[in-house]
């Protein structure tokens, strides 16, 4: 099976590297508009193969979409990265044109491809890609929830001082510092509710740290993070390619679920060979419902910019 990653920046290259090293698929294609950039990244990864004992076929190309033909999954990471002090919403003007162009070109050669959107603002870029391509909603969705949930589990593990692989938790809502919703009430450690293992003040700090997880890294690094975002995208791709049917919080189009319509936002979904195979409706309490509605309004406001700039 073949997977294409569009955008050979830090996130895209990391995603390609994880896919290759884990031998998720037979071939990984990396495409970028910068001359020689994708080719160089893939050559570098290829030189790791004998050192790390994998043999995935690797192809790097400059703006040649014909090389992506027959891809089962396409990951779109293209766009300018978030800079210190910049919100995801501020990225919309530039990244909307990039994502729309990429999605359109991809479908010329892989009309049945499942498209995973990583570009920010991710909820709005997912909505744009879905509307611009006219594909079924199972075929176009966004990655944000996988990354936000990984950050949530990281902060939970640190606060509880436990093995991170014993921690389970998810983040729903928009993929933004003020729109994501870490579900503390449903988080567990080895099946034990975290509310039994830590006081409320500690858990509220975990939630707050999770919500600014991306901004924290941007402040430290001077640019967006890439190891966890790239690995999160590869994690979702692996569930598709291997038909693992993992439940992953994903930015998917809602049509009545959670009382929301015509909106791409993060909710738990079963991810398999056909992309989003099932949306799971959680039993939320009133506070969580209100948080989700507030998050939805913020995402709708960002989506409205698409019409203002004639992107839709």
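In the working numbering, the protein residues as written are 18 to 329.
Backbone N, C-alpha and C define an ideal beta-carbon position, used for all residues, glycine too.
Look up residue i in the DSSP assignment and give the residues it is bridged to.
{"i": "residue 268", "result": "159, 283"}
{"i": "residue 49", "result": "79"}
{"i": "residue 278", "result": "272"}
{"i": "residue 292", "result": "289"}
{"i": "residue 206", "result": "184, 209"}
{"i": "residue 19", "result": "44"}
{"i": "residue 326", "result": "In the DSSP output, where bridge partners are listed per residue, residue 326 has none listed."}
{"i": "residue 93", "result": "23, 134"}
{"i": "residue 263", "result": "288"}
{"i": "residue 58", "result": "BP columns for residue 58 are empty, so no partner."}
{"i": "residue 311", "result": "DSSP lists no partner for residue 311."}
{"i": "residue 74", "result": "44"}
How many Å lie between residue i and residue j at the Cα?
{"i": "residue 63", "j": "residue 46", "result": "12 Å"}
{"i": "residue 217", "j": "residue 152", "result": "43 Å"}
{"i": "residue 174", "j": "residue 327", "result": "44 Å"}
{"i": "residue 157", "j": "residue 137", "result": "15 Å"}
{"i": "residue 166", "j": "residue 240", "result": "21 Å"}
{"i": "residue 227", "j": "residue 299", "result": "20 Å"}
{"i": "residue 143", "j": "residue 268", "result": "7 Å"}
{"i": "residue 70", "j": "residue 244", "result": "21 Å"}
{"i": "residue 75", "j": "residue 36", "result": "10 Å"}
{"i": "residue 180", "j": "residue 231", "result": "22 Å"}
{"i": "residue 302", "j": "residue 203", "result": "11 Å"}
{"i": "residue 329", "j": "residue 129", "result": "22 Å"}
{"i": "residue 111", "j": "residue 325", "result": "13 Å"}
{"i": "residue 318", "j": "residue 102", "result": "20 Å"}
{"i": "residue 28", "j": "residue 139", "result": "14 Å"}
{"i": "residue 183", "j": "residue 222", "result": "20 Å"}
{"i": "residue 53", "j": "residue 80", "result": "10 Å"}
{"i": "residue 148", "j": "residue 51", "result": "27 Å"}
{"i": "residue 312", "j": "residue 225", "result": "15 Å"}
{"i": "residue 207", "j": "residue 261", "result": "21 Å"}
{"i": "residue 168", "j": "residue 306", "result": "22 Å"}
{"i": "residue 107", "j": "residue 320", "result": "12 Å"}
{"i": "residue 122", "j": "residue 242", "result": "27 Å"}
{"i": "residue 205", "j": "residue 219", "result": "15 Å"}
{"i": "residue 135", "j": "residue 34", "result": "16 Å"}
{"i": "residue 86", "j": "residue 55", "result": "17 Å"}
{"i": "residue 314", "j": "residue 88", "result": "35 Å"}
{"i": "residue 256", "j": "residue 213", "result": "31 Å"}
Can you give the beta carbon distance from residue i to residue j, rounded, assuming they're within the 8 Å contact cut?
{"i": "residue 336", "j": "residue 308", "result": "No answer is possible for residue 336: the residues shown for the chain start at 18 and end at 329."}
{"i": "residue 254", "j": "residue 20", "result": "6 Å"}
{"i": "residue 38", "j": "residue 323", "result": "About 36 Å; that fails the 8 Å criterion."}
{"i": "residue 211", "j": "residue 198", "result": "The pair is not a contact, with the Cβ atoms about 15 Å apart (cut-off 8 Å)."}
{"i": "residue 278", "j": "residue 155", "result": "With 8 Å as the limit, residue 278 and residue 155 do not qualify as a contact, their Cβ atoms being about 17 Å apart."}
Would you kindly check if the distance between the Cβ of residue j and the Cβ of residue i is under 9 Å?
{"i": "residue 273", "j": "residue 310", "result": "no"}
{"i": "residue 177", "j": "residue 120", "result": "no"}
{"i": "residue 251", "j": "residue 32", "result": "yes"}
{"i": "residue 229", "j": "residue 42", "result": "no"}
{"i": "residue 77", "j": "residue 124", "result": "no"}
{"i": "residue 117", "j": "residue 145", "result": "yes"}
{"i": "residue 40", "j": "residue 72", "result": "yes"}
{"i": "residue 263", "j": "residue 288", "result": "yes"}
{"i": "residue 186", "j": "residue 200", "result": "yes"}
{"i": "residue 141", "j": "residue 93", "result": "no"}
{"i": "residue 316", "j": "residue 150", "result": "no"}
{"i": "residue 90", "j": "residue 131", "result": "yes"}
{"i": "residue 126", "j": "residue 82", "result": "yes"}
{"i": "residue 58", "j": "residue 84", "result": "no"}
{"i": "residue 296", "j": "residue 271", "result": "yes"}
{"i": "residue 293", "j": "residue 266", "result": "no"}
{"i": "residue 133", "j": "residue 159", "result": "yes"}
{"i": "residue 30", "j": "residue 247", "result": "yes"}
Can you check whether the C-beta of residue i is within less than 9 Å of a C-beta belonging to chain D?
{"i": "residue 45", "result": "The displayed structure is made up of one protein chain only, and chain D is not part of it."}
### Query
Whole alpha helix (DSSP H) runs in the region 159–203 with 4 or more residues, listed along the chain?
Look at the region 159–203 and you find these whole runs of alpha helix (DSSP H), each 4 residues long or longer: 161–177.
### Task
Starting from the N-terminal side, write out each stretch of the alpha helix (DSSP H) that is 4 residues or longer and does not extend beyond the region 107–147.
List check, alpha helix (DSSP H) in window: 109–126.
#### Entry: Whole alpha helix (DSSP H) elements within the region 215–247, 4-residue minimum
Listed in chain order, the alpha helix (DSSP H) elements of length 4 or more contained wholly in the region 215–247 are 217–228, 230–238.
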